[in-house]
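**Student:** Sending over a structure as structure tokens; questions will come in a sec.
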Amino acid sequence: MNAPYDGDRGQGAGGDPAGSFPPQHPSSDPYAQDPYVQDAYAPDPFQAQDLSAQDPVNEALYDRSAHPPPPPGTYEEPQPLYQQPATPQYAPDPRIWAQTPPPEPEGPSRHLPYGDDARTTQFTGVDDLVTRAGEEKPEPDAFAHLFRDQQSSVPPPAPEPMPAPPAPKKPSGRAQGLLKSSAVMAAGTLVSRLTGFVRSLVITAALGAALLGDTFTVAYTLPTMIYILTVGGGLNSVFVPQLVRAMKNDEDGGEAYANRLLTLVMVALGAIVVAAVFAAPLLIRLMSDTIASDQAANSVAVTFARYCLPTIFFMGVHVVMGQILNARGRFGAMMWTPVLNNIVMITTFGLFIWVYGTSADSQMGVQTIPPEGVRLLGVGTLLGLVVQALAMIPYLRETGFRFRPRFDWKGHGLGKTVKLAKWTVLFVLANQAGVLVVTQLATAAGEASGKQGAGFIAYTNAQLIWGMPQAIITVSVMAALLPRISRAAHDNDPGAVRDDISQGLRNSAVAIVPVSFAFLALGLPMSTLLFASTGTEAAKGMGFILMAFGLGLIPYSVQYVVLRGFYAYEDTRTPFYNTVIVAVVNAGASALCYVLLPAQWAVVGMAASYGLAYAVGVGVAWRRLKNRLGGGLDGAHVMRTYARLSMASVPAAVVGGAVAYGILTALGSGAGGSVVALVVGGVALLGVFFVAAKRMRIEELNAMVGMVRGRLGR
Numbered sequence: 059m060n061a062p063y064d065g066d067r068g069q070g071a072g073g074d075p076a077g078s079f080p081p082q083h084p085s086s087d088p089y090a091q092d093p094y095v096q097d098a099y100a101p102d103p104f105q106a107q108d109l110s111a112q113d114p115v116n117e118a119l120y121d122r123s124a125h126p127p128p129p130p131g132t133y134e135e136p137q138p139l140y141q142q143p144a145t146p147q148y149a150p151d152p153r154i155w156a157q158t159p160p161p162e163p164e165g166p167s168r169h170l171p172y173g174d175d176a177r178t179t180q181f182t183g184v185d186d187l188v189t190r191a192g193e194e195k196p197e198p199d200a201f202a203h204l205f206r207d208q209q210s211s212v213p214p215p216a217p218e219p220m221p222a223p224p225a226p227k228k229p230s231g232r233a234q235g236l237l238k239s240s241a242v243m244a245a246g247t248l249v250s251r252l253t254g255f256v257r258s259l260v261i262t263a264a265l266g267a268a269l270l271g272d273t274f275t276v277a278y279t280l281p282t283m284i285y286i287l288t289v290g291g292g293l294n295s296v297f298v299p300q301l302v303r304a305m306k307n308d309e310d311g312g313e314a315y316a317n318r319l320l321t322l323v324m325v326a327l328g329a330i331v332v333a334a335v336f337a338a339p340l341l342i343r344l345m346s347d348t349i350a351s352d353q354a355a356n357s358v359a360v361t362f363a364r365y366c367l368p369t370i371f372f373m374g375v376h377v378v379m380g381q382i383l384n385a386r387g388r389f390g391a392m393m394w395t396p397v398l399n400n401i402v403m404i405t406t407f408g409l410f411i412w413v414y415g416t417s418a419d420s421q422m423g424v425q426t427i428p429p430e431g432v433r434l435l436g437v438g439t440l441l442g443l444v445v446q447a448l449a450m451i452p453y454l455r456e457t458g459f460r461f462r463p464r465f466d467w468k469g470h471g472l473g474k475t476v477k478l479a480k481w482t483v484l485f486v487l488a489n490q491a492g493v494l495v496v497t498q499l500a501t502a503a504g505e506a507s508g509k510q511g512a513g514f515i516a517y518t519n520a521q522l523i524w525g526m527p528q529a530i531i532t533v534s535v536m537a538a539l540l541p542r543i544s545r546a547a548h549d550n551d552p553g554a555v556r557d558d559i560s561q562g563l564r565n566s567a568v569a570i571v572p573v574s575f576a577f578l579a580l581g582l583p584m585s586t587l588l589f590a591s592t593g594t595e596a597a598k599g600m601g602f603i604l605m606a607f608g609l610g611l612i613p614y615s616v617q618y619v620v621l622r623g624f625y626a627y628e629d630t631r632t633p634f635y636n637t638v639i640v641a642v643v644n645a646g647a648s649a650l651c652y653v654l655l656p657a658q659w660a661v662v663g664m665a666a667s668y669g670l671a672y673a674v675g676v677g678v679a680w681r682r683l684k685n686r687l688g689g690g691l692d693g694a695h696v697m698r699t700y701a702r703l704s705m706a707s708v709p710a711a712v713v714g715g716a717v718a719y720g721i722l723t724a725l726g727s728g729a730g731g732s733v734v735a736l737v738v739g740g741v742a743l744l745g746v747f748f749v750a751a752k753r754m755r756i757e758e759l760n761a762m763v764g765m766v767r768g769r770l771g772r
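So the sequence shown is residues 59 to 772, counted in our numbering.
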């Protein structure tokens with residue numbers, strides 16, 4: 059490649075136009091013709107190095123989105139080596155000089171069969187040959203090889219020490235702020251979830267898992283449902299992006315737009331609160347006809363609802379204030395202030411327990427709960443949301459934002475923004491319709507069974523425990539992959555989107571699959587330990603519901619990952635249709651469980667129906683995303699990973715469940731026996747799963763273990 063091919067001969071001065079003479083290659087080595095040194099250094103060991111070979115480390119870190127591979131079938135077939143070009147039909151024109159060949163492309167290439175480095179290869183044209191023709195070359199020295207031999211025996215001089223590379227700089231400026239904000243948000247979310255879980259435990263301990271607990275749970279859930287149906291969905295998905303855009307583009311930093319939005323939300327939510335408080339009896343009947351039909355339960359539920367419904371106003375104000383802070387680069391307040399709400403509610407219900415005792419001790423019901431107790435719980439619940447919203451004000455003032463009510467809403471894009479929220483509102487409506495059906499059926503089944511732990515509060519408590527691995531594991535995995543998926547979708551690279559979706563599914567499965575089987579095997583001792591204050595019967599009831607939820611965690615997690623693919627393409631219509639399917643299947647299967655199963659086991663069947671609905675939704679979403687990407691979703695690889703993990707989890711669940719059941723039988727279902735059963739059964743389950751998974755050589759598990767060992771080694 060360091061000389062032109064023979065067809066270029068004769069196109070310069072003094073050449074052979076007919077091409078009858080063999081080509082003469084000028085030699086740059088003055089000793090090449092010396093018979094004593096000819097071929098003495100021919101076996102050059104360094105000629106075998108391929109400068110274009112791919113480094114396995116760099117290949118693993120190769121960025122597909124920045125350098126996408128060519129589509130299949132576009133590689134040119136390699137030409138035979140050392141083949142002369144075809145003889146032209148006409149003699150070469152001496153007036154045309156040979157063109158210098160273009161340089162080879164950067165990076166690894168199939169077009170470099172000799173291992174030449176494109177960055178160092180020199181391409182010599184006819185101009186260079188003519189220019190060098192008159193250069194004088196030194197006469198060869200017959201004894202030059204002796205000098206070379208002497209030089210080779212002398213060790214080469216030691217290279218000068220290179221200066222140590224500077225230490226990597228710590229991220230500063232915007233990068234450091236982003237890392238710090240991410241850590242603050244992650245810590246706030248984790249603490250908020252943990253305190254929320256403690257709040258649920260205290261509520262259940264105070265009110266029990268029977269009709270009184272269902273009554274408060276329905277009244278406490280009602281404001282959140284109304285907020286999401288009316289303002290919440292559109293506020294989070296449509297108004298917030300418009301707010302951020304206004305803060306970036308408007309001359310006043312979006313302060314006027316933020317004031318208009320906050321004023322509009324406050325007026326709308328205030329009207330909604332007034333209407334909801336007056337319609338509280340109708341709303342309670344809409345949520346649960348069973349509670350509304352019981353006079354004592356209905357009275358308590360309506361009173362609770364009228365204390366809780368004003369929280370709709372403070373929910374919306376908190377969200378808008380938090381998004382204003384996020385747009386100004388303050389992320390921690392919105393994640394940490396919910397902790398204040400949880401602390402206030404934990405304190406309130408702790409005072410209730412201190413005055414009246416736990417539900418297991420007081421045996422309090424809807425007929426016996428005193429009005430002072432209802433008032434205490436209602437005021438404490440409302441106070442928690444008030445504190446949560448007001449805690450945002452100091453952070454807003456610190457950023458320089460001052461709220462000034464503005465009612466000039468026309469002509470500033472707010473009407474157009476409302477229209478954009480259509481699909482999000484329909485999405486939320488479909489989701490809440492399924493929740494409404496389950497609420498009606500669960501409260502009716504709990505009242506009909508006449509037992510603790512068979513109603514709606516048991517359903518929500520078990521669902522809260524069941525959903526925590528999803529929120530911690532799957533959401534964390536996808537948070538790291540979402541930027542890559544969005545970038546690949548923006549670059550129209552379906553192959554990269556497919557690979558990242560596959561990686562997210564397989565990485566999350568390593569933890570989600572064994573955890574789901576652990577809920578199935580250890581759900582009973584887990585619930586009897588956490589809800590021991592409600593009594594053995596109620597705790598066992600929630601344990602059976604948690605076991606029924608268990609395996610549904612797998613399709614629930616898969617659904618979350620698959621829908622991220624649609625969101626990467628900014629497609630919100632397909633998730634809406636998928637949510638409608640899930641809600642219809644969940645409501646229909648729950649209704650069948652209510653009709654066919656005994657009242658004691660109806661809610662257990664509803665928990666299993668929840669996982670079944672998401673399994674159907676995964677099938678639909680998987681097929682649609684597959685068509686969207688124009689090919690497979692790496693299904694064989696994903697299914698093989700899930701199948702191997704399930705095969706390793708089955709014997710682990712059998713062994714762990716048997717050990718836990720034996721300990722509960724011997725020691726009883728109290729707090730002490732539950733702790734021993736949970737610890738010993740959990741250790742047995744993890745041990746069997748790890749041994750079985752290692753024998754199956756599950757690569758994702760090995761990667762996770764290696765990462766953990768590396769972290770611990772540091």
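Beta carbons are placed, not taken as given, at the ideal position from N, Cα and C, and that holds for glycine.
(1) Does DSSP put Val188 in a helix, in a strand, or in coil?
(2) Which one of Leu703, Ala329, Thr288 and Ser250 has the shortest CA to CA distance from Ile570?
(3) Please classify Val432: does DSSP put it in a helix, a strand, or coil?
(4) Give the single residue among Arg343, Ile261 and Leu340 whose Cα lies nearest to the Cα of Trp412.
(5) Is Val375 close to chain D? Criterion is C-beta to C-beta, closer than 8 Å.
(6) Could you give the DSSP three-state label for Gly726: helix, strand or coil?
(7) By the three-class DSSP mapping on this structure, what secondary structure does Gln421 have?
(8) Could you check what DSSP says for Lys509 in three-state terms: helix, strand or coil?
(9) Quick one: residues in its chain with C-beta nearer than 8 Å to the C-beta of Ala724, no 5 flanking neighbours on either side, listed in chain order?
(10) For a test of the three-state rule: what should DSSP assign to Ile286, helix, strand or coil?
(11) From Leu270 to Gly423, what distance separates their C-alpha atoms?
(12) Can you tell me the Cα-Cα spacing of Ile401 and Val445, whole angstroms?
(13) Pop quiz: Ala596 and Gln510 are said to be a contact at Cβ under 8 Å. What is the actual Cβ separation, rounded to whole angstroms?
(14) Buried or exposed: which applies to Pro452, given that a residue is buried once 16 or more other Cβ atoms fall within 10 Å of its Cβ?
(15) Quick check: the segment 610-625 against the segment 524-538, are there 3 or more CB pairs under 8 Å?
(16) Which residues mark the beginning and the end of the alpha helix (DSSP H) in which Leu587 is found?
(17) For Gly675 and Ala264, I'd like the C-alpha separation in whole angstroms.
(18) Cα-Cα, which of Thr586, Met697 and Val662 is closest to Ala649?
(19) For a test of the three-state rule: what should DSSP assign to Gly675, helix, strand or coil?
(20) Examine the Cβ distances between the segment 707-716 and the segment 734-750 and report whether three or more of them are shorter than 8 Å.
(21) Any contact between the segment 601-610 and the segment 629-639? By contact I mean 3 or more CB pairs, one from each, below 8 Å.
(22) May I have the straight-line CA-CA distance separating Met705 from Pro656, to the nearest angstrom?
(23) Count the other C-beta atoms from every protein chain shown that fall within 10 angstroms of the C-beta of Gly458, then say buried if there are 16 or more, exposed otherwise.
(24) According to the neighbour-count rule (16 or more other Cβ atoms, all chains shown, within 10 Å of its Cβ), is Lys752 buried or exposed?
(25) How about Leu563 and Val696: do their beta carbons lie closer than 8 Å?
(26) Go through the segment 690-720 residue by residue and report every complete run of the beta strand (DSSP E) that reaches 3 residues or more, in order.
(27) I'd like the span of the alpha helix (DSSP H) that includes Ser346, first residue to last.
(28) Is DSSP giving Gly688 helix, strand or coil here?
(29) Go to Gln521, then tell me how far its alpha helix (DSSP H) extends in each direction, as first and last residue.
(30) Give me the Cα-Cα distance between Ala418 and Thr594, rounded to the nearest whole angstrom.
(31) Whose C-beta lies closer than 8 Å to the C-beta of Val256 among residues of the same chain, with five residues either side of it excluded?
(32) Out of Ser258, Ala641 and Ile370, state which residue places its alpha-carbon closest to the alpha-carbon of Ala491.
(33) Is it right to say Leu252 is buried, meaning 16 or more other beta carbons lie within 10 angstroms of its own, or is it exposed?
(34) Could you tell me which of Ile349, Pro368, Ile543 and Leu340 sits nearest to Val332, measuring between CA atoms?
(35) Helix, strand or coil, according to DSSP, for Ile531 in the structure here?
(36) Is it true that the CB of Ile721 sits closer than 8 Å to the CB of Val741?
**Tutor:** With the given structure in hand:
(1) With a pLDDT of 48 at Val188, under the threshold of 50, the modelled position of this residue cannot be trusted; read the value that follows with caution. Three-state result, Val188: helix.
(2) Leu703
(3) helix
(4) Ile261
(5) The chain labelled as chain D is not found in the depicted structure, where only one protein chain is given.
(6) Coil at Gly726, not helix or strand.
(7) coil
(8) coil
(9) Gly731
(10) helix
(11) 5 Å
(12) Ile401 and Val445: Cα-Cα distance of roughly 10 Å.
(13) 3 Å
(14) exposed
(15) A contact exists between the segment 610-625 and the segment 524-538.
(16) Pro552 to Leu588
(17) 37 Å
(18) Selected option, being the one with the closest Cα: Val662.
(19) Gly675 sits in a helix when the DSSP states are folded into three classes.
(20) The segment 707-716 vs the segment 734-750: in contact.
(21) no
(22) 32 Å
(23) exposed
(24) exposed
(25) Going by C-beta atoms, Leu563 is nearer than 8 Å to Val696.
(26) For the segment 690-720, not a single whole beta strand (DSSP E) run of length 3 or above is found.
(27) Run containing Ser346: none; DSSP gives neither H nor E here.
(28) coil
(29) Phe514 to Pro527
(30) 9 Å
(31) Asn400 and Ile404
(32) Ala641
(33) exposed
(34) Pro368
(35) helix
(36) The answer is no: Cβ separation not under 8 Å.
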